[in-house]
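Numbering (full-length UniProt numbering), first residue to last: 1 to 299.
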Ligand SMILES: Nc1ncnc2c1ncn2[C@@H]1O[C@H](COP(=O)(O)OP(=O)(O)OP(=O)(O)O)[C@@H](O)[C@H]1O
Ligand SMILES: [Mg+2]
């Protein structure tokens, strides 16, 4: 299985437009497993319109939920729980559990009886890291979470529910399982919102990213606030040992923001898609070709 998971620092950041450009350039396949909100054009419909992909290359969603809300909430509104059990052996990976997120270095130092210490790495021996150390420490944890289970063979399963969600209702969708579909070409998978969006009350999208095992492309706007959001998202991905393919910027040029994100986040700058005044298939393909190197996306 080759391909990418495309996530973003926020909802509405431009993931779908980027996915359309990427999937179109690769002549690949696009899959939006969870669509929350069905009014207007769905993400799959947008990709069909903007990518130029042939019929059958935009795969049906596993979940089509009417409420434009976080997937866990949109599913609950329909009396469903998204079936994460098919991809996660231990679906309950919530924030704040020690097995998932390590204690902060300050907490760790406190427990070990060490005062002060670096706010970034695991070594309490230095008060402040150098910039190089900061970049190289980025995303490291003092105690790593357990590795996600290996990628399940592509298949579709029915129902099952989320054993981590108490009182959950088993999925009633025939295509409810979130196992990656088997396709003959690169698969571009779009998440919903950002990586820490809940799929159920016990599981975040990022936990499923880890189980899928595909490299992640993080879409980030270049506007004010980007540095913080992007570094947080990169850290969350790296803490789970999720391979980060790089950051795709979207918006007006902001050289310093892009550079410092790449440096401190230890992530590749894949390119920057400008905001197009006329968002057509042709304009998007041309903008993508001018801003990204197709070789960066070949596996
Ligand atoms: N490069 C671009 N040029 C012009 N408009 C864009 C561009 N990228 C995104 N947009 C517009 O911004 C809006 C949000 O984009 P998009 O739907 O791709 O975001 P998203 O991150 O996929 O959102 P969601 O979290 O809802 O899936 C859309 O109206 C889209 O047309
Ligand atoms: Mg989208």
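All residues carry an ideal CB built from backbone N, CA and C; glycine is no exception.
Please read these numbers as outputs of a predicted model, since none were measured by experiment.
Terminal residues of the continuous alpha helix (DSSP H) containing residue i?
i	result
residue 255	255-265
residue 217	That residue, residue 217, is in no alpha helix (DSSP H); its beta strand (DSSP E) goes 216-221.
residue 25	15-26
residue 47	43-51
residue 203	Counting along the chain, residue 203 falls outside any alpha helix (DSSP H), and DSSP gives it neither H nor E.
residue 230	226-239
residue 290	281-291
residue 71	71-77
Does the Cβ-Cβ distance between residue i and residue j come in under 8 Å?
i	j	result
residue 208	residue 214	no
residue 61	residue 44	yes
residue 10	residue 194	yes
residue 291	residue 273	yes
residue 216	residue 70	no
residue 22	residue 205	no
residue 28	residue 188	yes
For residue i, which residues of its own chain have a beta-carbon under 6 Å away from its beta-carbon, when the five flanking residues on both sides are left out?
i	result
residue 262	269
residue 221	13, 250, 251
residue 52	24, 281
residue 271	291, 292
residue 279	none
Hey, quick one: how far does the beta strand (DSSP E) through residue i stretch, first residue to last?
i	result
residue 249	244-250
residue 29	29-31
Among the candidates the options, whose CA atom is the shortest distance from the CA of residue i?
i	options	result
residue 191	250, 284, 19	19
residue 35	27, 46, 26	46
residue 180	278, 210, 203	210
residue 83	237, 177, 218, 246	177
residue 285	7, 17, 2, 4	17
residue 264	279, 241, 232, 72	232
Give me whichever residues DSSP pairs with residue i in a beta bridge.
i	result
residue 5	189, 216
residue 271	248
residue 36	65
residue 58	30
residue 198	204
Tell me which same chain residues have a C-beta within less than 8 Å of the C-beta of residue i, skipping the five on either side of it?
i	result
residue 294	25, 26
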